[in-house]
Amino acid sequence: MKKLKVVMIRNHGPDPAKLTNLSCLSSLPNLRRIRFEKASITLLDISRLQLNSLENLSLWLCHVDESLNELQVDVSKTLQSLQEIEIDYCYNLVELPHWFSQVVSLKKLSITNCNKLCGLFEAIGNLRNLEMLRLSSCSNLFELPETIERLSNLRFLDVSGCFQLKKLPLEIGKLQKLKKILMRDCYRCELPDSVKGLENLEVKCDEGTVFLWERLKPKMKNLTITEEETEHNLNLLQLF
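Residue 23 in the UniProt record's numbering sits at position 23 of the sequence shown, and the numbers go up by one each step.
Below, the structure written as structure tokens:
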């Protein structure tokens with residue numbers, strides 16, 4: 001068992017299954033990937049696992065239990081190799097746990113179809129190695145923290161389907177490695193003046209947001225705008 005590299009815990013029942021004793025996963029020193037499907041878990045329990053080789057953590061259709069207990073471990077050491085966190089269709093997720101900001105090795109953070117998520121932690125700026133931030137279809141997300149300007153390695157940002165998003169961070173133009181933004185269905189989103197500092201940027205949007213970028217085209221170097229039709233996600237039909 002110590003050679004095991006992938007663990008997938010899948011529940012085929014109608015409701016999320018409560019998981020306990022996650023600490024047993026710490027006995028798998030070579031574990032690279034964990035995926036939970038339709039489970040009820042406490043994210044704080046994951047942060048306490050000693051999984052030095054874990055690279056990918058994925059949650060799909062999970063019920064996320066919040067814990068008010070303070071974190072007593074150094075996540076940068078217990079999860080020192082973690083590069084990707086993917087959370088999809090976790091409907092009760094309101095906010096991300098603060099310990100995410102301590103995973104300094106993280107390169108990809110994907111939070112999608114989490115309709116109750118209303119904001120990100122301010123300390124997201126600590127994730128200096130983050131290259132991809134995907135927040136698509138989080139329909140209640142109304143703002144992004146200004147500390148995003150510190151994500152100096154960010155290359156890809158997806159806020160498509162974030163209907164309530166009011167604006168992009170004021171100093172987003174400081175992200176000189178940012179080369180691609182997806183923002184379909186962001187009708188309320190305003191662009192700060194600093195976006196003019198982004199060079200060789202590719203933007204994918206729809207007819208409702210394309211005008212925001214078209215008017216900036218004469219002022220931005222090598223800006224590419226692609227207008228796409230709105231996508232309708234029917235993936236969950238397979239569950240019924």
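Glycine residues also receive a C-beta, built at the ideal position from the N, C-alpha and C atoms. This structure is a prediction, so every number in the text was calculated from the model and none was measured.
By a C-beta neighbour count over all protein chains shown, 10 Å radius and 16 as the cutoff for buried, is residue 189 buried or exposed?
-> buried
By the 10 Å Cβ neighbour count, where 16 or more other Cβ atoms means buried, how is residue 217 classified, buried or exposed?
-> exposed
Please name the residue, chosen from 87, 139, 214, that lies closest to residue 115 on a Cα-to-Cα basis.
-> 139
Can you give, in chain order, each stretch of the beta strand (DSSP E) that sits fully within the segment 47-96 and has at least 3 residues?
-> 56-60, 63-65, 84-88
Whose CA, out of 76, 117, 112, lies closest to the CA of residue 51?
-> 76
Inter-residue CB distance, residue 182 and residue 162 (contact presumed, cutoff 8 Å) = The Cβ separation is near 10 Å, so there is no contact.
If we count the other Cβ atoms within 10 Å of its Cβ and call it buried at 16 or more, is residue 223 buried or exposed?
-> buried
Where residue 93 and residue 63 are concerned, what is the direct C-alpha to C-alpha distance, given to the nearest angstrom?
-> 8 Å
The alpha helix (DSSP H) spanning residue 191 covers which residue range?
-> Per DSSP, residue 191 belongs to no alpha helix (DSSP H) and is neither H nor E.
In its own chain, which residues sit with a C-beta less than 8 Å from the C-beta of residue 74, not counting the 5 before and 5 after it?
-> 102
Counterpart residues of residue 110 in DSSP-defined beta bridges = 86, 134
Return yes when the Cβ of residue 35 is within less than 9 Å of the Cβ of residue 55, no when it is not.
-> No, the Cβ-Cβ distance between residue 55 and residue 35 is not below 9 Å.
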